[in-house]
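Numbering (full-length UniProt numbering), first residue to last: 1 to 434.
No residue lacks a Cβ here, since even glycine has one placed at the ideal position from N, Cα and C.
Bear in mind the structure is a predicted one, so any value in this text is a computation, not a measurement.
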Amino acid sequence: MKRDRFEEILKFLHFNNNEAGGAHADKAWKIRPILQAVEKTFRRGYRLGKVISFDEDMMPNRSKFNSMRIFMPDKPSKYGTKFYMTCCADTAYCSRVDIYCGADKKKKKTRKAPDDTLGLGPKAVVRNISKALINQPMKRLIVTDSFYSTVSLSLKLLEMGLYHVGTTRIDRLGWCPIHFTQQKRPKSMPRGTYRIAQARDHPELVALSWMDSKPVNMLATGCSTQLNSVLRTEKDGTRSTLRLQRYSIQKCISPRKYYKQLFLCIVDMAVVNGYIVHCITLKKKGEKPPTHAAYLRRLYIQLLALRTINFETHLNAEDLISVPIPRQQHTLVNTAEFYSSSKQHKRRQYLRKVCSAFADTKTKSFETSFFCQQFSDAFGGRGPLCLHVRRVESGNTLTCSQIWHDTWGDGKSIPPSLKKKIRFRKRKRESEEE
């Protein structure tokens, strides 16, 4: 593809409606559908191993229109947008990406609760790890750096059934004074000298101060206090190569619109994740994995071979559609039926079709007074649908109306497991009139 052709396509790249109600409240509104779709895709494509790494990543961007731009002097790119990354420590697969939108200036500042000891960084760790391990067993090891590691974070993760290890700072609340006061290792002190302490109230928590060229302070839970020797070399004697070292769409192109550059950065993450999963699959089959460049060539050839039929409705991909999506012509109407109770005159409500299908036997379903007229006429019964996102704990980001009309294709593509749970009955008044 020529450069002018690519720039012409990139000019019309748009992901969200700026006139919608949530555009002013969400700083990442322009790419929010992309983030939601990628979050579900990354979580489905790979199951995290026993060691999980959590850190931040900086996407370079100096646009003054980027409300999420921050300044980090210790990073190679000092200005940009920060992402929280939840990755597998063994394969470097990124399971979750959370964009940092900054503090909400409109929100009133309230005092912290006495039992709330977690700061902004540790809260990000708990939030992202909890969402990355939905419906997965715990007993994992979480690895963080000194920006996130605190005593309160280690205890919080331990309550969740997760172990934690990471470097920390000596000014953290709860740190015991076992650290070395020297800035550099003196010649009289042998390399590897360490001091260790174990918490009295929580014996699982261990603090360590180890002297290398400079002192290193660490926190850990669920580990032993016995000394072991570690060989500091790779298996083949070489360093592991970087995952994204040959070609980066985000780095070679600099669009004027900041959200397009964020989108290209997310595309780079998806390509690298696909390469990691592809290599793991080939290794299990006993085949030799390709290089990153060979994988990119094969990927581009397959993408260019796609036709219109490949983009038709597919049930496995439709539920990745995130809100807000282009609205259809269907509009929900409020029922005109009322009933008189002992206290007031109330509007009659009905059980929501989509919510009742997803609800468990022990879960209370939801009722609404809104229904879709086209839905009701087509199926010969009232079609109550809601305008609110429910079942958020299961990762859902769509309303009942969006699931019915867009994901299920106006009821033509209902999953077989849910078809029996959705019933349509005519009202008694209509049957009597007929």
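Item, Value
"Three-state secondary structure assigned by DSSP to N66", "coil"
"Complete alpha helix (DSSP H) runs within the stretch 117–157 (minimum length 4 residues, chain order)", "120–132"
"beta-carbon Q344 near the ligand MN non-hydrogen atom, thresh 8 Å", "Judged by which ligands are present, the structure shown has none, so any question about the ligand MN falls away."
"Exposure of C176, with buried meaning 16 or more beta-carbon neighbours within 10 Å", "exposed"
"Proximity to S224 [Cα-Cα], best of V126, K11, P215 and L208", "L208"
"Burial state of T407, where buried means 16 or more other Cβ atoms lie within 10 Å", "buried"
"Where L173 sits in the DSSP three-state scheme", "coil"
"Length of the line joining the Cα atoms of R127 and Q344", "43 Å"
"Stretch pair the stretch 16–35 + the stretch 44–64: three plus CB contacts closer than 8 Å", "no"
"W408, DSSP secondary structure in three states", "coil"
"Residues near I99 in its chain [Cβ-Cβ closer than 6 Å; skip 5 each side]", "A28 and F83"
"Distance between beta carbons of I134 and T86, contact taken as under 8 Å", "Contact flag wrong, Cβ pair sits at about 12 Å."
"Rounded separation between M1 and V267 - CA only", "18 Å"
"CB of L351 within 9 Å of CB of C372, strictly", "no"
"Bounding residues of the alpha helix (DSSP H) (the contiguous stretch that carries F358)", "K353 to F358"
"Own chain partners of F65 with C-beta closer than 7 Å, once the 5 adjacent residues on each side are dropped", "Y258"
"M58 - containing alpha helix (DSSP H), residue span", "That residue, M58, is in no alpha helix (DSSP H); its beta strand (DSSP E) goes V51 to P60."
"Collapsed DSSP secondary structure at R47 in the structure displayed", "coil"
"In DSSP terms, what F180 is bridged to", "Looking at the DSSP assignment, F180 forms no beta bridge with any residue, so it has no partner."
"C-alpha gap between I403 and E287, whole angstroms", "41 Å"
"Start-to-end residues for the alpha helix (DSSP H) that takes in residue 435", "The structure shown has nothing for residue 435, since the chain only spans 1 to 434."
"Per-residue DSSP class, three states only, for H14", "coil"
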